[in-house]
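Participant: Here's a structure for you.
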Amino acid sequence: MTAYIARRLLLIIPTLLGILLINFLIVQAAPGGPVERMISQIRGTDQGGVMARIGASGGGEVVGSQSATSGAQGAYRGAQGLDPELIREIEKLYGFDQPAHERFLTMLANYATFDLGESFFRDASVVDLLLEKMPVSISLGLWSTLLIYLVSIPLGIAKAVRHGSRFDVWTSSAIVVGYAIPGFLFAILLIVLFAGGNYFQWFPLRGLTSPDFDQMTPLQQVADYFWHLALPVTAMTIGGFATLAMLTKNSFLDEINKQYVVTARAKGVAENDILYRHIFRNAMLLIISGFPAALLGIFFTGSFLIEVVFSLDGLGLLGFEATLNRDYPVMFGTLFLFTLIGLLLKIVSDVTYVLVDPRIDFESRGN
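For the sequence shown, my numbering gives the first residue as 4, with consecutive numbering after it.
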């Protein structure tokens, strides 16, 4: 197992390179960018602020020479009438005075030391931005994932054991309804019902903690934290638990109908022993295989609309705004970090396979 883990860790490097390269090429081909955004600001009402930003960033004094060539100016739509020297200073500010391959190699060299760069438009490093936003997304993702698995696995097992019963039919109906309602619509419904909409005001509407959080006792802080999380975590749990519950049920049903279960029953083995000592180990492999993707998705991509509805400033909102603003350091920095975490979680998933079923031997697979 040690050799297998070492090989998987080494495979992370080319996988990361491939993902970053593909996304870098796509971004280069996409219209718009930080230079165009800055040009539009200059042509608008923010020219003074833009000039100050260029000077503060070490771009040097912008020379108002009219004899400069117009090659750089013609490269960007909407740049007509602007000093070509100013265009070159803007390119230098964002590193676009270098060829694309040099920018990519520089980015890789920085990422090797976990230097994710500086945001183009937020005056902060990407690492600082991620650390600032991460508590919100981790809070939503961690508790949502935990709640989803705590509800889905026992419910799926109970449905499989009672397949075709009234309990199975009613819970399936509830699961279908929960799956059909998008999480953000359910979030709005929760706000209307319980957060000062038209009925009750039992839960807060904004933020992860109260304004006086620092003055509270530790016990009060814990209670306040979960009080703020109650509605967004509930909204995120609905769709996730529906899918996982049905997956668990079907996985257990498939194992229950296999020959080894029939043989165990014929030998007089107790039903609980059959279920939890034999069926559980085999059926849970499918559930475990989807855990890394589910965890990463809930942490970093699945919470955007929930963050907007409940006014939570997390990683989902950060990534969305970075894409709109063409904030490339934030876009690629988060892509690098999330991909790395996802690949590491996949290795953790394989290790968990072996813990659940020691008969699995990755070493013999030779990959």
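Even glycine gets a Cβ: it sits at the ideal position worked out from N, Cα and C.
If you draw a straight line from the alpha carbon of W173 to that of A32, how long is it in whole angstroms?
Facilitator: Between W173 and A32, the C-alpha separation is close to 51 Å.
Participant: Whose C-alpha, out of F313, D215, S155 and L346, is nearest the C-alpha of M287?
Facilitator: Checked all of F313, D215, S155 and L346; the closest Cα to M287 is S155.
Participant: Restricting to Cα atoms, I'd like to know which of Y331, L134, F229 and I291 is closest to V357.
Facilitator: If we check each option's Cα against that of V357, I291 comes out closest.
Participant: Does the ligand FMN have even one heavy atom less than 7 Å from the beta-carbon of A190?
Facilitator: The ligand content of the structure shown is nil, which means the ligand FMN is not present either.
Participant: Going by Cα to Cα distance, which pick from I259, N113, F123 and L12 is closest to L330?
Facilitator: The displayed chain sequence assigns Asp, not Leu, to residue 330. Of the candidates I259, N113, F123 and L12, the one whose C-alpha sits nearest the C-alpha of D330 is F123.
Participant: Just curious, the alpha helix (DSSP H) that W173 is in, first and last residue?
Facilitator: First-last of the alpha helix (DSSP H) with W173: R169 to A183.
Participant: Once DSSP output is grouped into helix, strand and coil, what is the label at A33?
Facilitator: In the structure shown, A33 sits in coil (DSSP, three-state: anything other than H, G, I, E or B).
Participant: List the DSSP bridge partners of E310.
Facilitator: DSSP output for E310 lists no bridge partner at all.
Participant: For V225, does the count of other Cβ atoms within 10 angstroms reach 16, so buried, or fall short, so exposed?
Facilitator: V225 comes out exposed.
Participant: Where does F146 land, buried or exposed, given buried means 16+ other C-beta within 10 angstroms?
Facilitator: Note that residue 146 corresponds to Trp in the displayed sequence, not to Phe. Buried is the call here.
Participant: When you compare each of V195, G210, T116 and T212 to Q204 by their alpha carbons, which one comes out closest?
Facilitator: The shortest C-alpha separation from Q204 is found at V195.
Participant: Starting from G210, trace the alpha helix (DSSP H) both ways and give me its first and last residue.
Facilitator: Unbroken run through G210: none, as it is neither H nor E.
Participant: Comparing C-alpha positions only, which one of E258, L338 and Q101 sits nearest to A163?
Facilitator: For the residues E258, L338 and Q101, the minimum Cα distance to A163 belongs to E258.
Participant: S128 by DSSP, collapsed to three states: which one?
Facilitator: S128: strand per DSSP, three-state reduction.
Participant: For the putative contact between V333 and L132, defined by C-beta atoms under 8 Å, what is the C-beta separation to the nearest angstrom?
Facilitator: Confirmed, about 7 Å.
Participant: Within this structure, are the beta carbons of F341 and P235 separated by less than 8 Å?
Facilitator: The answer is no: Cβ separation not under 8 Å.
Participant: Among E105, F307 and L347, whose alpha-carbon lies nearest the alpha-carbon of T326?
Facilitator: Ranking the options by Cα distance to T326, first place goes to F307.
Participant: Please list the terminal residues of the continuous alpha helix (DSSP H) segment that includes M110.
Facilitator: Unbroken alpha helix (DSSP H) run through M110: A103 to A115.
Participant: Note the first and the last residue of the continuous alpha helix (DSSP H) segment covering Q262.
Facilitator: Element bounds for Q262: Q262 to A269.
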